[in-house]
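If you want our numbering, it's the 1-based position in the sequence shown plus 13. Beta carbons are placed, not taken as given, at the ideal position from N, Cα and C, and that holds for glycine. All figures in this text were calculated on a predicted structure; none of them were measured in a lab. The structure under discussion appears below in the form of structure tokens.
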Amino acid sequence: MAERAVVRRISAVVVSLIVLMTAAGPVRAWPQPGTALSVGVSRSSPPVDYAPVTGTVRGRVGDTVVVRLGVANLGPGSTDGGALGSFAVVPPPGTTITSIPWEGDDDDRRYSCRPPEDKDNYFFLCDLSELPVPEPGSSSTIGFHIRIDKRIPGAKGSVTVYGPNDPVPGNNRDAIPVEAAPAPLWRWQHPLWRWQHWVPAAGGMALVTTAGGLFVRRRRQGSPGEHRV
């Protein structure tokens, strides 16, 4: 349910952008998946079937891995010279997108996609006009640096694509699965180093130490009835 709510918020943001930019004049606009051609998009735009390019976030807790996410052009047309579109990325629960480095020259932006506006709209919106145009049968992707913060069974993020004239809107969304292994012993993320585990461990160690001291003291004093010379 939470994931559906995020998708609805993404769609609402995109529709709002379309309305605002249409009022300002001719613009590139990206409709909500499953809707008809939106206002502001030329009907002469070639039909292009977009599909998400996703990957698995695979590593140990505490690792930061690079996963390439983006859009595949399944044809039949080319987006060159027309409205391109965008794609939105929702990171899987238990992970954090630390950066999306721009892969162009002389650009040190931390995020090449628009970062989340607030905690209720936590998605990254990537404008395809800033990426190489994918020809039919090819794809265009960006390297997302994703940190694995904790293991959550079944956690999945998503990539949702918005095309200006997509004839197959049913394939515009796909999941980002996670395969997370436990943190190694030397990392603070390992459960062994959590303070909740050290409190009972310290108590147990104190009991063992006390019991050992009593045992040694009794051995030195000797057992009852022992005669000393």
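Within its chain, find whatever has a CB closer than 8 Å to the CB of residue i; leave out the 5 residues flanking it on each side and keep chain order.
{"i": "Arg-122", "result": "Pro-114 and Trp-115"}
{"i": "Thr-69", "result": "Val-80, Ile-189, Pro-190, Val-191 and Glu-192"}
{"i": "Thr-109", "result": "Ile-159, Arg-160 and Asp-162"}
{"i": "Glu-143", "result": "Ser-125"}
Name the one or two DSSP bridge partners that residue i has.
{"i": "Gly-156", "result": "Arg-81"}
{"i": "Thr-173", "result": "Ala-101 and Arg-186"}
{"i": "Thr-108", "result": "Ile-161"}
{"i": "Leu-63", "result": "Reading off the sequence shown, one finds Tyr at residue 63, where the question assumed Leu. For Tyr-63, which the question treats as bridged, DSSP gives the partners Asn-86."}
{"i": "Glu-148", "result": "Paired residue(s): none; Glu-148 is not in a bridge."}
{"i": "Leu-138", "result": "Ala-101 and Arg-127"}
{"i": "Gly-72", "result": "Ala-193"}
Apart from the five residues just before and just after residue i, which ones in its own chain have a Cβ nearer than 7 Å to its Cβ?
{"i": "Val-84", "result": "Tyr-63, Pro-65, Val-66, Phe-100, Leu-141, Pro-147, Ser-152, Ser-153 and Val-174"}
{"i": "Leu-138", "result": "Ser-99, Ala-101, Cys-126 and Arg-127"}
{"i": "Pro-105", "result": "Val-70, Ala-168, Lys-169, Gly-170, Ile-189 and Val-191"}
{"i": "Ile-165", "result": "Pro-106 and Gly-107"}
{"i": "Ala-49", "result": "Because the pLDDT of Ala-49 is 36, which lies under 50, any placement of that residue in the model is unreliable, and the question is left without a value."}
Any idea what DSSP makes of residue i, helix, strand or coil?
{"i": "Glu-130", "result": "coil"}
{"i": "Gln-45", "result": "Because Gln-45 sits at a pLDDT of 42, beneath the cut-off of 50, its placement in the model cannot be relied upon, and the point is left open."}
{"i": "Glu-116", "result": "coil"}
{"i": "Glu-143", "result": "helix"}
Closest by CA to residue i, which one among the options?
{"i": "Pro-145", "options": "Gly-90, Phe-136 and Ile-155", "result": "Ile-155"}
{"i": "Asn-86", "options": "Asn-184, Arg-164, Ile-165 and Ile-110", "result": "Asn-184"}
{"i": "Gly-150", "options": "Gly-88, Leu-82 and Thr-222", "result": "Gly-88"}
{"i": "Ser-91", "options": "Thr-222, Ala-194, Gly-176 and Ser-171", "result": "Gly-176"}
{"i": "Tyr-124", "options": "Ser-112, Ala-194 and Asn-134", "result": "Ser-112"}
{"i": "Leu-82", "options": "Asp-179, Pro-60 and Phe-157", "result": "Phe-157"}
{"i": "Pro-59", "options": "Leu-198, Asp-179 and Ala-194", "result": "Asp-179"}
Apart from the five residues just before and just after residue i, which ones in its own chain have a Cβ nearer than 6 Å to its Cβ?
{"i": "Gly-72", "result": "Val-78 and Ile-161"}
Give a yes or no on whether the minimum CB-CB distance between residue i and chain C is below 8 Å.
{"i": "Asp-76", "result": "Note that chain C does not occur in the displayed structure, where there is just one protein chain."}
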